[in-house]
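Taken in order, the sequence shown gives residues 1 to 192; the numbers are from UniProt numbering.
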Amino acid sequence: MRDYVNDVAQVAGSLPRPPILVGHSMGAFIVQKYLETGTAAGAVLLAPMPHYGFASTAIRFLLNDPIGVLKANLSGSLKPVISTPGKARRLFFSARMPDHDVERHFVRLQDEAFLAYLDVMCLDLCKPSRVTTPILVLGAEDDAIFTRRQVEAVARAHRTTAEFFPDMAHDMMLEKGWEAVATRIGGWADDL
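Structure below.
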């Protein structure tokens, strides 16, 4: 996880002014970690991984797909959890997304770094009390990965309120209606 945070710090430090950071899922966790010590004009957390880590989500995954989770842990790869378009749809996409779009996105999915996965289980969690940057937290009502309660907890930890988009799943930026998410982000950024 630290490598990802260092990459964000390097790019942010090379810019002429502090950026507005946008992170999705584990990327939102990375943004939260960066903001503990780094500078940004603002940050948007989309379907964010909670600051307290992935452990509760991993337990839910284990109950829903014990074979996939077992294979992932034995192989050191998270691919078994999303090994088919059907599994990817259940985790990332809404039922409304056409099959051909699910297929198109599925073939582009890449494995997550397994060591980063271990970090977010319990080894390198976020410390929201260190963050002073303005933050917008956006969730998807039909997110199968992070629950409404988890997204609301992220918002509370950063002293704000989460906003949710109806009829959207985890990959909000790929769902029908993504423009509403982009418009909300743009409006918020304009007000900074």
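Yeah, the Cβ is synthetic: ideal placement off N, Cα and C, and Gly gets one too.
For residue i, the residue or residues it bridges with in DSSP
| i | result |
| --- | --- |
| residue 194 | Here the chain covers residues 1 to 192 and nothing more, so residue 194 does not appear. |
| I135 | A43 |
Beta-carbon spacing of residue i, residue j below 8 Å
| i | j | result |
| --- | --- | --- |
| D124 | R2 | yes |
| A153 | P80 | no |
| A169 | V151 | no |
| G38 | A12 | yes |
| V5 | V22 | no |
| F93 | D167 | no |
| S25 | A47 | yes |
| E141 | F106 | no |
| E36 | M97 | no |
| R184 | L115 | no |
| P134 | Q32 | no |
| A41 | L192 | yes |
| I30 | L91 | no |
Secondary structure of residue i, DSSP reduced to three states
| i | result |
| --- | --- |
| H105 | helix |
| L63 | helix |
| I20 | strand |
| I185 | helix |
| E179 | helix |
| M172 | helix |
| Y34 | helix |
| C126 | coil |
| S56 | helix |
| E112 | coil |
| G76 | coil |
| A157 | helix |
| R96 | coil |
Cβ distance (whole Å) where residue i is taken to contact residue j below 8 Å
| i | j | result |
| --- | --- | --- |
| L109 | I82 | 6 Å |
| F120 | H158 | Phe is not the amino acid found at residue 120; the sequence shown has Val there. Incorrect: roughly 17 Å between the Cβ atoms, too far for contact. |
| D111 | L70 | Incorrect: roughly 17 Å between the Cβ atoms, too far for contact. |
**Message:** Would you call the stretch 177-186 in contact with the stretch 74-88, where contact means no fewer than 3 C-beta pairs closer than 8 Å?
**Reply:** no
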